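>
Numbering (the working numbering), first residue to last: -18 to 176.
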């Protein structure tokens, strides 16, 4: 349904069985494959995990955010977004529909805050201008293009992760930013699964 609404195209790269010796479960190889394999049909690619959402903060949607950033930085080849962890062991939002359907972005509000740049960062790239992507950054744009570090007030990656040794189980504050998208997210979810 998301594909038919032209919101996003998900590119899957089945890895098969991975050895525990495969660095980061093959993310570097998958990212390189995605960039080179899909650059013809996609002007932009965002490299995020299934439990992450790139959230525009100063614009109404992704397209507006990218258009604004591109106008401000005409030589941009890639945009690096800082990450904000929302531990999934600290459920903080109520609402039977939201809880029943595990709408994480509306369900988990407690956050440990925004991480430093390049610590869990994720990237959105212009496929014609980017040469090498990595897991949490861009290694190289083509000559004449640059990597832009996006301020959290413009856009940030929300990472909905179960508590583990990499993040604390305590939180600093509640971030209710996603509530601005609540009605449209619930409406979209219902149209996808209850039409």
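Even for Gly, the Cβ is constructed at its ideal location relative to N, Cα and C.
Keep in mind the model is a prediction, meaning the values are calculated, not measured.
Could you tell me how far apart the beta carbons of residue 105 and residue 62 are, in whole angstroms, since I believe they sit closer than 8 Å?
Contact flag correct, Cβ pair sits at about 7 Å.
> Determine the extent of the beta strand (DSSP E) in which residue 66 is found, giving its start and end residues.
Looking at the DSSP string, the run of the beta strand (DSSP E) that includes residue 66 is 64 to 68.
> Examine the Cβ distances between the stretch 32 to 49 and the stretch 9 to 23 and report whether three or more of them are shorter than 8 Å.
Touching, no, given that fewer than three Cβ pairs across the two stretches are closer than 8 Å.
> In this structure, does DSSP put residue 100 in helix, strand or coil?
Coil at residue 100, not helix or strand.
> Report the option in 135, 171 and 143 whose CA atom is closest to the CA atom of residue 158.
Here the closest residue by C-alpha is 135.
> Are the beta-carbon atoms belonging to residue 33 and residue 139 less than 8 Å from one another?
Closer than 8 Å, so yes.
> Which whole-angstrom value is the C-beta distance of residue 110 and residue 58, which I expect to be below 8 Å?
3 Å between Cβ atoms; contact.
> What is the DSSP secondary structure of residue 95, counted as helix, strand or coil?
Three-state DSSP puts residue 95 in a strand.
> Closest to residue 9 by CA distance: which of 162, 115, 132 and 156 is it?
If we check each option's Cα against that of residue 9, 115 comes out closest.
> Taking all protein chains shown into account, do 16 or more other C-beta atoms lie within 10 angstroms of the C-beta of residue 97, making it buried, or fewer, making it exposed?
So residue 97 ends up on the exposed side.
> Going by beta carbon distance, what residues of the same chain come within less than 6 Å of residue 16, once the five residues before and after it are set aside?
Closer than 6 Å at Cβ, skipping near neighbours: 114.
> Within a Cβ cutoff of 8 Å, which residues of the same chain sit near residue 102, ignoring the five residues on either side of it in sequence?
61, 62, 63, 64, 96, 117, 118 and 138, listed in sequence order.
> Going by CA-CA distance only, name the one from 130, 7 and 42 that's closest to residue 166.
For the residues 130, 7 and 42, the minimum Cα distance to residue 166 belongs to 42.
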